[in-house]
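Trainee:
Number of protein chains: 2
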Amino acid sequence: MKRLALVNFLLFVSVILLHAQTDLTKYVDPWIGTDGGGNTFPGSCVPFGMVKAGPVCGQKNRNSGWDKDGNIHGFSHVNLSGLGGGCKYGNVLFAPVVGEINIQDYSSPRRNEKAELGIYEVELQKYNTSARLTALNRSTMHEYSFPEGTESKILVDLGTFLASLASVNEQQIFVGSEVRIISDHEMEGYTRIRNGWNKGNAYTVYFYAVFDTPAADYGTWKGDKMMPGVKEQFDTNEKTGAYFTYHTKDKQSIKFKVGISYLSVGKAKANLSEMTTWNFDEVKEQCVAVWNKLLNKVHLKGSEENKKIFYTALYHSHMQPADKIGENSKWQSDQPYYDDFYAIWDTFRASHPLFTLLTPSIQADMLRSLLDIYRYDGYMPDARSGDDNGRVQGGSNCDILFADAIRKGIRGIDYQLALEAMIKNAEVPPGGNEQKQGRGGIPDYNTKGYVSTKYERSASRTMEYGNCDYAIYTVASELSQPEIAKKYLNRSKNWQNLWNPDIESLGFKGFVWPRREDGSWLSESEFSVFKNGTWPDIFYETYSWEMSFYAPHDINKLIELCGGKDTFIDRLDTFFSYQRSNRRGYIGLFQISNEPSFLIPCLYNYAGRPDKTAEITRRALREQYNTTRTGLPGNDDSGSMSAWYIFHALGFFPNAGQDIYLFSSPIFEEATIFFENKNKLEIRAKNASEANIYIQSVKLNEKPINVNFIKHSDLISGGTLEFVMGPKPSKWGNNEIR
Amino acid sequence: MKRLALVNFLLFVSVILLHAQTDLTKYVDPWIGTDGGGNTFPGSCVPFGMVKAGPVCGQKNRNSGWDKDGNIHGFSHVNLSGLGGGCKYGNVLFAPVVGEINIQDYSSPRRNEKAELGIYEVELQKYNTSARLTALNRSTMHEYSFPEGTESKILVDLGTFLASLASVNEQQIFVGSEVRIISDHEMEGYTRIRNGWNKGNAYTVYFYAVFDTPAADYGTWKGDKMMPGVKEQFDTNEKTGAYFTYHTKDKQSIKFKVGISYLSVGKAKANLSEMTTWNFDEVKEQCVAVWNKLLNKVHLKGSEENKKIFYTALYHSHMQPADKIGENSKWQSDQPYYDDFYAIWDTFRASHPLFTLLTPSIQADMLRSLLDIYRYDGYMPDARSGDDNGRVQGGSNCDILFADAIRKGIRGIDYQLALEAMIKNAEVPPGGNEQKQGRGGIPDYNTKGYVSTKYERSASRTMEYGNCDYAIYTVASELSQPEIAKKYLNRSKNWQNLWNPDIESLGFKGFVWPRREDGSWLSESEFSVFKNGTWPDIFYETYSWEMSFYAPHDINKLIELCGGKDTFIDRLDTFFSYQRSNRRGYIGLFQISNEPSFLIPCLYNYAGRPDKTAEITRRALREQYNTTRTGLPGNDDSGSMSAWYIFHALGFFPNAGQDIYLFSSPIFEEATIFFENKNKLEIRAKNASEANIYIQSVKLNEKPINVNFIKHSDLISGGTLEFVMGPKPSKWGNNEIR
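Same order as they appear, the protein sequences are chains A and B. With this note's numbering applied, the first sequence corresponds to residues 1 to 738, in that order. With this note's numbering applied, the second sequence corresponds to residues 1001 to 1738, in that order.
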């Protein structure tokens, strides 16, 4: 035993020596992207935390719960970062109030709102109270400060959920709640909610709260009826809540811990065992320490501003999916359980590849969780929240995660089962609700070779299914199952069936175009290459001009259909420069604020023009990302925007599902990545500056790399990746990728 | 106010005068059908009771929990009556034990087991304890008696569920449990289970128990580890339980109440409010009183034996589905909520038509509940249990319930929504799990006009879809939507596409026969008219000979395909007389023990031979039903066998989905039905005896009925329905039904 301990100690020391931990938390600013549609979450949580504790503001809430406008209601325990559409969560809300509680509206103006890594603070002006909160994975600590008086109250509202700015059918709907005051310093209960963005079945959030100060009095409510002295409210499908009353001296602070569970009040109480102290700052430091460990996976040399953007991006990209291991109320399993895949349509492109690079063991756990969902719920999700699959925006993009993983050598995955689940996506129609899971419209796709306009999102689906089919080909190939591989490689070319060579726009011929059931094309008077759409439309959150670049698995064919390399480059140039007038003025065709554009800048690499990739990505990094509250190009989409930044800041970007990272243009003089395999990669970008954006040469461990891409194994083998940067395009990397 | 009270009093008196309540409970014997495969439930419950409290016996349990063999484990709270296949429920088990608890096996031999309406009693030999229990809708009372000692214990086991004799994939699977001892006379907790026969998602049964005697000591356990003095076990996906210890004098009895809920422990406690006394016999009398009110809907004059069979059948047919109003954890709604439709494939034929006759307001509530399930879960169920749809054995037979209801004038149903839900069944494939809901194989059925052998249960599905399509036609017609009506009337003839005129058996030509995807028939060497099957087979719990009589909506066409009336009668004669050898000896083709044969005896009426219907049904009533524990022909199937008995004993049987009751042969001299509309129908069967089984004439309110069927409105208008019976067939009713 002693020998073992010594070995462990030596290992520990060697890790220390290899990888000195620095305090990087000052580079995280939770406010970045909270406003201007970024919808990032300014509250407290640990990486992939099941509990995300933060403020609820306004009447119609933003998706993170926080809004710059409107009163503050209190602090809820289950939230999401970087979401759009109908809200989800915002449940189990506590608030420090004074006087009689007006259940209809106990909100207050706020002041001195502060957030930094691990802590959120605010003052509730109406009550002259203040609050600060911090969180671990399944628990929170709140510290509330009160004025002098006998009517200081802490309430818990079990009727709350985020009310959406979005359409009616994506609203959350209350199902039931229950509360019980156990003693003068303990309460417990739950709230049950359904629907929301993913239109999911009901989920239940249980809580147990323990307070450091005995209450002088207590009460509960049901609906709008207050019941002082009543200890319990059982579930009658009505909204309930409870409160403790305290006699406080001026500025007296009261602390309490809240355990959260999706199983039961007992488990919620048990989950508090992770919080071993009543010292608020100590809990906050524990939260910060976990983040610091994650942030230390990358060390940077560069401007303070860029480091702040980068580390905050790293922070935001590691908030979801939520680690709910041991918290699955649907089945018992020895597999990990993650929830809030929100949505893989967004995250397969950059976020999951980032996990694969930095935290492959967690990525493996997530994939095992997806397979367990397939085992028990019947389909892997394209999105999932509140323990229920839904919704699918286009393809079954979870397929791509497994292709990406197998090509990059992620171990511990039952890839044979994954192949089965992927083939189910491809072959078995998902039933009445085609937005829930699987692939909609496959009765068309699998017979005609395209999804016809009879179905929703016909063009998006067809295009995405191509790449998903290629993912099946990839996994089948790796598993040496050539017949399956061949079938899906052929099918992955189906996207070409929507390529209409006669459509012309801005001087370019050939675009992805909707086709009817009988094979005929929609006429140009019926449709437009600029027509964007949503759920019931032909393109989902994209349009033909953009989606006519979406064949990430078949780019050479795409280049050919576009008329060859030169025309393709011209077409990209037009895409990135053309400004179209719309009601609000001029907008570009390129929308880095949404995922369908994510890979397009790197398509220049395929045509041998990485200098243009550098121009576009550098411009996006410079113009679209900053350290302000509106510092993200758009909705962070569970950290997708942030992950896009991270890759390009490091100088490369993945084509997800394939073992290829396209070089773009590194912005940091030095960046060191500490991999899970204990290797480290020092990325040096000699002469890199705002002017020197063009790669002149690349060397990996002194050996020149003349192609404009790199493989995963080369990165994680570690060593030195040296870029020489210059102010003008060079000849480096000007070969097409074949 | 006084006038109103007087009016009410007069109404009350008039009801009394019209309908004197008799104590009919002595005619109910809960043991009938418990053995020999009947699987009826011998424990205590109210009509449609959510709580069904009864014994759990044996290691592999029968579906009702009770078995004639094996030890008794204790008394569980959620059960089903008359089920086969994989078990469901058997949760929250209490037992009176003495000494150290062996969690692996605390079961005991039993003696003096007794059951009568409202009460179940037994002695646990091993412990020298005894128990009796009774139940209301959401609660039970137990009374346990102990020997003298300090180790008398009452345990609750939250790890229990019925372990099935059936196949592995229909087993229930434990998910989690939790328990908490609240005081020396209160405990609460839950158990969470998934799968079972319907392969449903996890459901959670919560309990709260309050005891009339303070415990001297207590403890809990987790897995197999006993923890004396430990008050709580939170959910770790392991089995838990708890116990109270008492110091008892000899024969000391301890009573306790258990509230049950599917929402929460708080709701379980609140549900105890229905039990207002600690007097065991009073609670039992409340249970009995509810039954007595139901039993009094029919008054009989006839043999005590037949009355016992009849009233017990009435009892057994009103146990399911379960009234779970206010207990739906999935959505909030102003609609009623029923669960344990188990399965409509069984119950649409006789049970639901019986509700329509005797308790139409409850039938309406059940239908409204099915529509609410459609609203929120996406499909109406063919079976549902533990709040989850599944499984569909053949057609979407809920369709037929709505056709039956609209034709029989049941009010308060949103038939337009029903039509929408029925069309969804018919048109929208249910997705990857075709056993869950909707109609499987419709990509075939809706294009080829039959389900090909590519799909499971292809012949059963095709045949049942015909009748279901006819139900859509029926509802659409009643709603004056002729285009929909026409479409589905045409489609309802699809069953004819499986009629193979070349197949010959026992001298008859033309049988339902499996067809391949390409339209070709299976060869006679590949298949047989006698081949029975289950889930993956061509016929589900039936075979071609039997299913070649299944066109309840198109019987004239069936008669024509069979070669005309005379051949059809010959074919029926053969069906009812032929004995086929199998491994266990000789068996008939007619299987009244299963539902596909339910209507076949009455097909003689359609060919103008009601005398033969009389012979077959009278023989079945005489030979297959009695007052013993094996007194049912087979699995009661939620009371379906019992409902079949009730109708034929009264002298008519419904063709479900149509407004037609076929006359068979009444066995009671007099039977009076008291309808909900306050009308009463006196059915007199003059000269009826074991010899006089043939109808000589029928009069309704003195007017002769010469056809061999009657309409619903004629029955519920009340008056006198007079049969004259005789020892020989008469000419009465010998016209074919057109």
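Idealized CB from N, CA, C, for every residue including glycine. Keep in mind that this is a model prediction, so the values were computed, not measured.
Given a limit of 7 Å on CB to CB distance, which residues of the region 1258 to 1288 of chain B reach chain A?
Mentor: Leu1263, Ser1264, Gly1266, Lys1267, Lys1269, Ala1270
Trainee: Looking only at its chain, what residues have a beta carbon closer than 7 Å to the beta carbon of B:Val1230, apart from the 5 residues adjacent to it on each side?
Mentor: Gly1219, Thr1220
Trainee: Which value, in whole angstroms, describes the spacing of the CA atoms of B:Tyr1694 and B:Phe1355?
Mentor: 27 Å
Trainee: Just checking: is the beta-carbon of B:Glu1305 within a distance shorter than 8 Å of some beta-carbon in chain A?
Mentor: no
Trainee: At a Cβ threshold of 8 Å, is B:Val1175 touching chain A?
Mentor: For B:Val1175, the closest Cβ of chain A is nearer than 8 Å.
Trainee: Taking C-alpha atoms, which residue in B:Ala1418, B:Gly1189, B:Asn1063, B:Val1028 lies nearest to B:Gly1038?
Mentor: B:Asn1063
Trainee: Nearest to A:Cys602 by CA position, among A:Gly54, A:Phe256, A:Ile710, is which residue?
Mentor: When only C-alpha atoms are compared, the closest one is A:Ile710.
Trainee: By the criterion of Cβ-Cβ separation under 8 Å, what are the contact partners of B:Ala1202 in chain A?
Mentor: Ser329, Lys330, Trp331
Trainee: In whole angstroms, what is the alpha-carbon distance linking A:Gly99 and A:Ser108?
Mentor: 13 Å
Trainee: Consult DSSP for A:Asn734 and reduce its assignment to one of helix, strand or coil.
Mentor: coil
Trainee: Let me know the secondary structure DSSP gives A:Lys225 once reduced to three states.
Mentor: Looking at A:Lys225 - three-state DSSP - the assignment turns out to be strand.
Trainee: What is the residue span of the alpha helix (DSSP H) that B:Tyr1465 lies within?
Mentor: 1458 to 1478
Trainee: Is the Cβ of B:Leu1017 closer than 8 Å to any Cβ of chain A?
Mentor: With a pLDDT of 46 at B:Leu1017, under the threshold of 50, the predicted position of this residue should be treated as unreliable, and no value is reported.
Trainee: Find the residues of chain A that neighbour B:Pro1443, judging by a C-beta separation of less than 9 Å, and give them in chain order.
Mentor: Pro429, Pro443
Trainee: Could you compute how far the alpha carbon of B:Val1298 sits from the alpha carbon of B:Phe1652?
Mentor: Going by the C-alpha atoms only, they are around 15 Å apart.
Trainee: Going along chain A in order, which residues have a C-beta closer than 7 Å to the C-beta of B:Lys1454?
Mentor: In chain order: nothing, as chain A lies at least about 13 Å away.
Trainee: Along chain B, in chain order, which residues have C-beta atoms closer than 9 Å to that of A:Arg132?
Mentor: For A:Arg132, none of the residues of chain B pass the 9 Å Cβ criterion, the least Cβ distance being about 29 Å.
Trainee: Buried or exposed: which applies to B:Tyr1190, given that a residue is buried once 16 or more other Cβ atoms fall within 10 Å of its Cβ?
Mentor: buried
Trainee: Note down the Cα distance separating A:Asp23 from A:Ala607, rounded to an integer number of angstroms.
Mentor: 42 Å
Trainee: Which chain B residues are close to A:Glu178, counting only those with a beta carbon under 7 Å from its beta carbon?
Mentor: Ser1264, Gly1266
Trainee: Should B:Gly1033 and B:Thr1040 be called a contact, given that it needs their Cβ atoms to be closer than 8 Å?
Mentor: yes
Trainee: Mind checking A:Gly395: buried by the 16 CB within 10 Å criterion, or exposed?
Mentor: buried
Trainee: From B:Asp1554 to B:Phe1668, what does the alpha carbon distance come to, in whole angstroms?
Mentor: Their Cα atoms are separated by approximately 32 Å.
Trainee: Just to confirm, is the Cβ distance from A:Ala656 to A:Ile400 under 8 Å?
Mentor: yes
Trainee: Applying the 10 Å Cβ sphere with the 16-neighbour rule, what's the burial state of A:Arg583?
Mentor: In this structure A:Arg583 is exposed. Its beta-carbon is surrounded by fewer than 16 other beta-carbon atoms within 10 angstroms.
Trainee: Could you name the residues of chain B that A:Asn237 contacts, counting a contact when the two beta carbons are closer than 7 Å?
Mentor: Gln1332
Trainee: In whole angstroms, what is the alpha-carbon distance linking A:Lys2 and A:Ser130?
Mentor: Confidence is the limiting factor: at A:Lys2 the pLDDT is only 40, short of 50, which leaves the residue's position unreliable and the question unanswerable from this model.
Trainee: Since A:Arg491 sits in a beta bridge, which residues does DSSP pair it with?
Mentor: BP columns for A:Arg491 are empty, so no partner.
Trainee: What in chain A is Cβ-close to B:Asn1169, meaning under 7 Å?
Mentor: Here the premise fails: no neighbours, minimum Cβ distance about 13 Å.
Trainee: Pick helix, strand or coil for B:Trp1278, following the three-state DSSP scheme.
Mentor: coil
Trainee: Can you pull out the residues from the region 208 to 239 of chain A whose beta carbon lies closer than 8 Å to at least one beta carbon of chain B?
Mentor: Glu232, Gln233, Phe234, Asp235, Thr236, Asn237
Trainee: Flag A:Asn679 as yes when its Cβ comes closer than 7 Å to any non-hydrogen atom of the ligand FAD, and as no otherwise.
Mentor: Absence of the ligand FAD is noted for the structure shown, with no ligands found whatsoever.
Trainee: Which residues of the region 376 to 393 of chain A have a Cβ closer than 8 Å to any Cβ of chain B? Give them in chain order.
Mentor: Gly378, Tyr379
Trainee: Taking Cβ-Cβ distances below 8 Å as the criterion, which residues of the region 416 to 440 of chain A are in contact with chain B?
Mentor: Lys424, Val428, Pro429, Pro430, Gly431, Gly432, Asn433, Gly438
Trainee: State buried or exposed for A:Ser458, treating a residue as buried only when at least 16 other CB atoms are found within 10 Å of its CB.
Mentor: buried
Trainee: Can you give, in chain order, each stretch of the alpha helix (DSSP H) that sits fully within the region 1334 to 1388 of chain B and has at least 4 residues?
Mentor: 1344 to 1347, 1351 to 1358, 1360 to 1377
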